[in-house]
Amino acid sequence: MTPEEKINYPVQSIAALAKATVVAVVIATIVLVIAILPAEYDVDPTGLGEKMGLTQLAPKPKVVASQKAPQEKPKGGFMSDRVEVTIPAGKGQEYKFHLVKGSRMLYSWDSMGIPLYFDFHGEPDGDTTGYFESYTESTASEVKGSFKAPFDGSHGWYWENRTDEPVSIILSTQGQYEVIGLK
């Protein structure tokens, strides 16, 4: 190649890049809802995952002779909720869900940059001793994650607001559960 020859590389316009990004996000969302959620989490909001046999790929709890088989999932099936919870100044508040053993939940909560102490925990059905199991205990202003219930019972968060002003939390959840709400 001589110095006089130039190599012309195609340069994409911003509009073309934006269009490609939107198309990629749409395709990724479709794949997530139709294939990944049913195959990985046994969550099938469209019903197509079951028709394609993908829900059979999701890990199932192993039943040992000394254990009872997992109960049925909540009758409501897949749920999706978004709620605002206000934690009064200097106080604490709990928000709970009922999950059966093996049910899964995706969650995120955000307190708009204000750090709150929290304890994500569960309490087995029928327990009268006050026993609870903490899954996460920390201080943060936002948390995202997934959860698989280790036992039938109420599972949720206790938040403590150590500021002088009320703090609002936006809690978003998806999965197989029944909402209990504020406790």
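In my numbering, the protein residues as written are 840 to 1022.
C-beta: ideal position from N, C-alpha, C; glycine also.
Which residues DSSP lists as bridging residue i, in chain order
{"i": "E1004", "result": "E1004 pairs with nothing; no bridge assigned."}
{"i": "I926", "result": "V1006"}
{"i": "Y997", "result": "E933 and D958"}
{"i": "S1011", "result": "R921 and S947"}
{"i": "S979", "result": "Per the sequence shown, residue 979 should be read as Ala rather than Ser. The partner list for A979 (beta bridge, DSSP) reads L955."}
{"i": "S985", "result": "L945"}
{"i": "N1018", "result": "The sequence as given places Val at residue 1018; Asn does not occur at that position. Answer by DSSP bridge pairing, in chain order: F936."}
{"i": "S973", "result": "H960"}
{"i": "G992", "result": "L938 and P963"}
Rounded C-alpha distance that separates residue i from residue j
{"i": "I846", "j": "I853", "result": "22 Å"}
{"i": "S973", "j": "V865", "result": "37 Å"}
{"i": "A867", "j": "V922", "result": "26 Å"}
{"i": "A855", "j": "T1012", "result": "34 Å"}
{"i": "D920", "j": "K890", "result": "25 Å"}
{"i": "V882", "j": "F959", "result": "22 Å"}
{"i": "Y934", "j": "I1008", "result": "11 Å"}
{"i": "A979", "j": "W996", "result": "13 Å"}
{"i": "E1017", "j": "F971", "result": "19 Å"}
{"i": "F986", "j": "Y880", "result": "10 Å"}
{"i": "V870", "j": "K1022", "result": "37 Å"}
{"i": "V872", "j": "G952", "result": "30 Å"}
{"i": "G892", "j": "I875", "result": "12 Å"}
{"i": "D966", "j": "K858", "result": "55 Å"}
Environment of residue i [buried if 16+ CB atoms lie within 10 Å]
{"i": "Q851", "result": "exposed"}
{"i": "S993", "result": "buried"}
{"i": "G888", "result": "buried"}
{"i": "T894", "result": "buried"}
{"i": "S950", "result": "buried"}
{"i": "Y848", "result": "exposed"}
Short Cβ contact (9 Å threshold) for residue i with residue j
{"i": "R943", "j": "G1014", "result": "yes"}
{"i": "P989", "j": "K940", "result": "yes"}
{"i": "P1005", "j": "P927", "result": "yes"}
{"i": "P884", "j": "F936", "result": "no"}
{"i": "V982", "j": "F957", "result": "yes"}
{"i": "L896", "j": "S947", "result": "no"}
{"i": "L945", "j": "G961", "result": "no"}
{"i": "K930", "j": "E976", "result": "no"}
{"i": "P963", "j": "D1003", "result": "no"}
Check: residue i C-beta below 8 Å from any heavy atom of the ligand NAD
{"i": "P1005", "result": "Because no ligand of any kind appears in the structure shown, any question about the ligand NAD cannot be addressed here."}
- Query: What are the uninterrupted segments assigned as alpha helix (DSSP H) that are 4 or more residues long and contained completely in the region 865 to 904, given in chain order?
  - Reply: 887 to 890
- Task: Mind listing, in chain order, the continuous alpha helix (DSSP H) runs of no fewer than 4 residues lying wholly within the region 935 to 961?
- Result: none
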